[in-house]
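Numbering (full-length UniProt numbering), first residue to last: 1 to 405.
We put the beta carbon where it would ideally sit given N, CA and C, even for glycine.
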Amino acid sequence: MNVREAVQTFDEAQPSPLEHGPSLIERAARTASVAAAEADGVDRDASFPHKAFEAAREQRLLGVMIPVEFGGFGASIHDVTDICYTLGRACASTAMIYAMHQTKVACIIRHGHGIPWMETMMRRVARDQWLLASSTTEGQNGGNIRASAAAVDHAGDTVSLVRDATVISYGAQADGLVTIARRATEAAASDQVLLALAKDDYSLKQTQGWETLGMRGTCSTGFELKVDCPTDRVFPEAYDKIHAQTMTPFAHLCWSSTWAGIAAASVTRAQAFVRKAARNSGGQMPPAAAHFTAAKMSLAKLRALIAANLDAFARAEHDERALSSLDFQSSITLLKVQASELAVETVMHAMRTAGLAGYRNDGEFTMGRHLRDVLSSPIMINNDRILANAATATLMSGTPTSLRD
């Protein structure tokens, strides 16, 4: 019996923790209500959304994906992306932090079974609702996470690492950290390993601030990261496998769902504006109502794109060959590009629907925060870098011969 079958057998034998409590979407809605109430303050002050994550912990949302055997809910990728979407409609920073956290949790779940330390981390995330941060960007690599400068130094049963981490989102607020590094000092930049660390395993010294246009509550400051920990913090599997099978799919699906939530929030405000304008003018549509139709169409395309990729990943989730296929890797990689562009397009159409009422910051239809937050989406792992890196793979991928291929 493999791990998946063992977990499934256990789940069938045990009552789901959700059977006697609120559903995941109810838990997400409660958290989103708190997040929405502090969203403007989080944006204005560039402060971590503490109240939102207090609520998320109360609702046990941080450990939803942890298997039931380790104390979690055993939630699916569909469940997690729905939560990202719900939170994205309330507070972009809250949703993006949640999306990044769940991506790291997914790596531990999918590649940590049978490893005592990784299973301990799963239990801590479920029981204590640990929030996990990520350190993947360093030095001057421009966001190329498939090449590491810092290397793991081995000394008996311990390892150490010093990393110029130019961005660690919510690093100061996290309970643990997942980071990548070269396997050893003599290893090539692309020969990488992944480490899962508790707070006692590392120290952070801030080197940069975070004064940005949007996503201000993610507190994505720069740090010098120093690691000194037991060797069992290092995943046995090579990072290239983890990156292709888990890190990229979960990141792109969760990020895209967050951006879709931001876009949906802007469409909701645009709709309210159009309805109010029509009521005040005896049913006559405002001049920019056509932009509302365009916003709805763009949001529909965005949601359909995410749904198609979600279903494709769910079908291939436990099939290493399918996950490694050229078609899947191209599709899941380009999802980030397409979703970010559609999200920006949607929010722009929504703002143009409301005109000055959407542009100003002090009215009921304001969309400035939504636009500033969503403009981060093409910049996160820059779209130009992704398109350039994907050029060879897309040339090798065939053109479908039918609509259902």
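Asked, Found
"Residue 223 (DSSP reduced to helix, strand or coil)", "strand"
"Proximal residues to residue 173 (C-beta, below 6 Å), its chain only, five neighbours per side dropped", "48"
"Sub-8 Å separation of residue 354 and residue 270 beta-carbons", "yes"
"Buried versus exposed call for residue 97 [16 or more other C-beta atoms within 10 Å across all chains shown]", "buried"
"Nearest residue (CA-CA) to residue 58, options 43, 76, 84, 24", "24"
"Three or more C-beta pairs below 8 Å linking the stretch 300-317 and the stretch 394-401", "no"
"Three-state secondary structure (DSSP) of residue 230", "strand"
"Proximity winner among 244, 148, 370, relative to residue 103 (alpha-carbon distances)", "244"
"Residues of its chain near residue 246, where Cβ-Cβ distance is below 6 Å and the 5 sequence neighbours each way are ignored", "106, 107, 110"
"Touch test, the stretch 320-339 against the stretch 376-389, Cβ-Cβ under 8 Å, three pairs minimum", "yes"
"Spatial neighbours of residue 162 in its chain, beta-carbon cut-off 8 Å, leaving aside the 5 residues before and after", "150, 224, 225, 226, 227"
"The stretch 231-241 touching the stretch 62-80, judged by at least three CB pairs closer than 8 Å", "no"
"Backbone CA spacing between residue 152 and residue 99 [nearest angstrom]", "27 Å"
"Runs of alpha helix (DSSP H) lying entirely within the stretch 332-370, each at least 4 residues, in chain order", "356-359"
"C-beta atoms of residue 180 and residue 253 nearer than 8 Å", "no"
"Helix, strand or coil at residue 60 [DSSP, three-state]", "coil"
"Short Cβ contact (8 Å threshold) for residue 120 with residue 52", "no"
"Coarse secondary structure for residue 129, derived from DSSP in three states", "coil"
"Buried/exposed call for residue 285, threshold 16 Cβ in 10 Å", "exposed"
"Exposure label - residue 169; buried when at least 16 CB within 10 Å", "buried"
"Where residue 11 sits in the DSSP three-state scheme", "The predicted model places residue 11 with a pLDDT of 41, which falls under 50 and marks its position as unreliable; any figure quoted below should be read in that light. Helix."
"Helix, strand or coil at residue 3 according to DSSP, with G and I counted as helix", "Its pLDDT being 34, under 50, residue 3 is placed unreliably by the model, and the measurement read from it follows with that caveat. DSSP places residue 3 in helix when its eight states are reduced to three."
"Rounded Cβ spacing between residue 382 and residue 340 (contact assumed at less than 8 Å)", "Going by Cβ atoms, the distance from residue 382 to residue 340 rounds to 10 Å, so no, they are not a contact pair."
"Residue span of the beta strand (DSSP E) that contains residue 155, given as start and end", "153-155"
"Sequence-distant residues of the same chain with beta carbon closer than 8 Å to residue 178, five excluded per side", "104, 107, 108, 132, 133, 134, 135, 194, 195, 196, 197"
"Residues bridged to residue 202 [DSSP beta-bridge criterion]", "227"
"Neighbour-count burial assignment, residue 402, 16 or more Cβ in a 10 Å radius", "exposed"
"Contact test: residue 24 Cβ vs the ligand FAD heavy atom, cutoff 7 Å", "Annotation note on the ligand FAD: not contained in the displayed structure, which lists no ligands."
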